[in-house]
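So the structure is just underneath, and the comments pick up after that.
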Amino acid sequence: MADVAKWYVAHTYSGYENAVAASIEKAVENRGMQELILEVSIPLETVTEITDAGPKTVERKIFPSYVLVKMVMTDETWHLVRNVRGVTGFVGSGNKAIPLTEEEIASLGVEKREVVVHYQVGDNVKITDGALESFFGTIEEIDLERCKVRVVVSMFGRETPVELELDQVEPVS
């Protein structure tokens, strides 16, 4: 069932996000629906605010009034989430909730994807995608946090560093 679960966005009253998330989690536990509603998330960002007392680090909601729910959409799960106090509905058209796309999920950083790279700094690689497809270069830096790799490519007799996605290069044996 977990492979058919998708991320949906529930709209809430302003300031009710935490209460809604807690209520959904409690309802899921009480009804034994853990295999249908897998995760509830409120995307947060860490921000440094400058106050009279000096800089202060706070966590702020990226999307106030929204809660993300990873679930298998059935009548039962729709009603469970929709009837939680503070939820005004799902993001979608009419009564039809529309799930987030893979791209939206990736850009939100809601799900951490484990990326396995088969190369390391100093390795020779071939670029497999993009404007520099079929160019060869050397790995200068791997940034797993941002899913980026910096490759030094020789173009027009010059060493040029280019930043690519991790899956845009493959090792050359």
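Okay, so the sequence shown: first residue is 1376 according to the working numbering, each after it adds one.
Glycine included, C-beta positions come from ideal geometry on N, C-alpha and C.
This one's a predicted model, so the numbers in the text were calculated from it and none came from an experiment.
Could you tell me if residue i is buried or exposed, where buried requires 16 or more neighbouring beta carbons within 10 angstroms of its beta carbon?
i	result
THR1452	buried
MET1530	exposed
GLN1543	buried
SER1398	buried
HIS1437	Correcting the residue identity first, residue 1437 is Ile in this sequence and not His. So ILE1437 counts as exposed.
VAL1379	exposed
VAL1433	exposed
Expressed to the nearest angstrom, what Euclidean distance is found between the alpha-carbon atoms of residue i and residue j?
i	j	result
LYS1431	PRO1439	20 Å
GLY1512	ALA1506	14 Å
GLU1467	ALA1428	Per the sequence shown, the amino acid found at residue 1467 is Gly instead of Glu. Answer to the nearest angstrom: the Cα atoms are 43 Å apart.
GLU1516	LEU1483	24 Å
GLY1407	ARG1521	36 Å
ARG1435	LYS1445	21 Å
VAL1395	VAL1442	8 Å
GLU1545	ALA1385	40 Å
ASP1450	ALA1472	11 Å
Beta-carbon within less than 6 Å of residue i's beta-carbon, same chain only, minus the 5 sequence neighbours each way: which residues are those?
i	result
LYS1523	GLU1538
Considering residue i, what are the terminal residues of the alpha helix (DSSP H) in which it resides?
i	result
HIS1386	Careful: HIS1386 lies outside any alpha helix (DSSP H), inside the beta strand (DSSP E) at 1381-1387.
ILE1399	1392-1406
ILE1502	Premise fails: ILE1502 lies in the beta strand (DSSP E), 1499-1502, not in any alpha helix (DSSP H).
Going by DSSP, what residue range makes up the beta strand (DSSP E) through residue i?
i	result
ILE1517	1511-1518
ILE1412	1412-1416
VAL1544	1544-1546
LEU1539	1533-1540
SER1440	Careful: SER1440 lies outside any beta strand (DSSP E) and carries neither H nor E.
For residue i, which residues in the same chain have their Cβ closer than 7 Å to its Cβ, ignoring the five residues on either side in sequence?
i	result
VAL1547	ASN1499, VAL1500, LYS1501, PHE1511
VAL1447	MET1376, VAL1379, ALA1380, LEU1411
Could you check if residue i belongs to the surroundings of the ligand NAP, using beta carbon to heavy atom distance under 7 Å?
i	result
ASP1427	Absence of the ligand NAP from the depicted structure is noted, as is the absence of any ligand whatsoever, leaving it without description.
Once you ignore the five residues that flank residue i on each side, which residues in its own chain have a CB closer than 8 Å to its CB?
i	result
PRO1474	LYS1381, TRP1382, TYR1383, MET1448
Below 8 Å, can you find three or more Cβ-Cβ pairs linking the segment 1465-1482 to the segment 1404-1421? They do not touch, by the three-pair rule.
Can at least three beta-carbon pairs, one atom from the segment 1453-1464 and one from the segment 1389-1400, be found at a separation below 8 Å? Enough Cβ pairs lie closer than 8 Å, so yes.
Contact between the segment 1492-1511 and the segment 1417-1424: three or more CB pairs below 8 Å? Judged by Cβ distances under 8 Å, the segment 1492-1511 makes no contact with the segment 1417-1424, as fewer than three pairs qualify.
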